[in-house]
Amino acid sequence: MEVKFIDILAYTVALIGFCPYVVVMLLSDNTVTASLFVLMYFINPIYCIMVGIVASKNVKKNFVYIFLPAIVFIIAYTVIFKSLEVGFVFYGFVYLIISLITMLIGSYLKKRKEELYS
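My numbering puts the first residue of the sequence shown at 190, with every later residue one more than the last.
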């Protein structure tokens, strides 16, 4: 199944960009921190792993996919909190590294599978 760029972009904007906005706007102040903690430490890294797996299917064509979570994260959190913090850039870089490592592992496993069965 081929995943198009617009699909990955839409999923990334919805999950990494829109979810934190909804959390900050609709939840009470007591629950915002915990909700953002869950997003930043559990859901976003899992999504980055999924993006890395999708990108590993065809690295030459899908290499740009691994940059989307990091870029959308930095932009979304800068807009939501109205300031560019070093922490946002750091977490964006961490999400990029997670996606990159997953893509490299996936492409390595794909190559090993092709060598094994050829």
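Every residue, glycine too, gets a C-beta built ideally from N, C-alpha and C. On a predicted model such as this, the values are computed, not experimentally measured, just so you know.
Alpha helix (DSSP H) containing LEU228: first to last residue?
-> It is not in any alpha helix (DSSP H) - LEU228 carries neither H nor E in the DSSP assignment.
Distance, Cα to Cα, MET239 vs PHE279?
-> 20 Å
Relative to the alpha-carbon of MET292, which residue among ILE255, ALA223, VAL212 has its alpha-carbon at the smallest distance?
-> ILE255
Label TYR266 either buried or exposed according to how many other C-beta atoms from any shown protein chain fall within 10 Å of its C-beta, with 16 as the threshold for buried.
-> buried
Can at least three beta-carbon pairs, one atom from the stretch 229 to 248 and one from the stretch 191 to 209, be found at a separation below 8 Å?
-> yes
What residue from PHE231, SER217, LEU298, ALA259 has the CA that sits closest to GLY206's CA?
-> ALA259
Using CA coordinates, which residue listed in ARG301, LYS271, ASN247 is at the minimum distance from VAL192?
-> ASN247
Count the other C-beta atoms from every protein chain shown that fall within 10 angstroms of the C-beta of SER288, then say buried if there are 16 or more, exposed otherwise.
-> buried
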